[in-house]
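Data first, discussion second: the structure below is written as structure tokens.
Numbering (our numbering), first residue to last: 4 to 101.
What follows is the structure, given as structure tokens:
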């Protein structure tokens with residue numbers, strides 16, 4: 004691994020002379036909660052995750068070119084970097100909550 008004792012790339016696993024990259028994402032739940040809170044507005048009335056799931060399911064793959072780099076809380080794999088930061092690329096004024 005790039006940092007001993009952490010998740011990352013494993014040489015020799017699962018077979019000798021190969022490399023296996025663990026693909027965990029540290030921020031998935033935190034990012035979904037952040038977006039939900041952001042699009043819900045102020046107050047305690049939060050949009051349900053089910054509503055957001057249903058809206059997302061109606062969007063065709065590709066999201067009209069919107070891509071999320073998921074390193075919002077640093078990167079674990081394939082290179083460990085706690086200072087890495089996430090980003091949205093391809094966001095336009097045509098995008099909406101869904």
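Note that CB positions come from ideal geometry on N, CA and C, so glycine has one too.
Quick caveat: nothing in here was measured; it's all calculated off a predicted structure.
Out of curiosity, what's the CA-to-CA distance linking residue i and residue j?
{"i": "residue 36", "j": "residue 43", "result": "10 Å"}
{"i": "residue 48", "j": "residue 85", "result": "33 Å"}
{"i": "residue 50", "j": "residue 39", "result": "7 Å"}
{"i": "residue 31", "j": "residue 62", "result": "19 Å"}
{"i": "residue 53", "j": "residue 82", "result": "33 Å"}
{"i": "residue 99", "j": "residue 65", "result": "14 Å"}
Pick out whichever of the options has its Cα sitting closest to the Cα of residue i.
{"i": "residue 93", "options": "68, 85, 79", "result": "68"}
{"i": "residue 34", "options": "46, 45, 19, 55", "result": "55"}
{"i": "residue 70", "options": "95, 19, 41", "result": "95"}
Tell me whether the beta-carbon of residue i lies closer than 9 Å to the beta-carbon of residue j.
{"i": "residue 77", "j": "residue 90", "result": "no"}
{"i": "residue 59", "j": "residue 101", "result": "yes"}
Looking at the unbroken alpha helix (DSSP H) that takes in residue i, where does it start and where does it end?
{"i": "residue 41", "result": "31-43"}
Considering residue i, what are the terminal residues of the beta strand (DSSP E) in which it resides?
{"i": "residue 92", "result": "90-92"}
Problem set entry | 4 or more residues per run - each alpha helix (DSSP H) lying fully within the region 52-88 | 52-60
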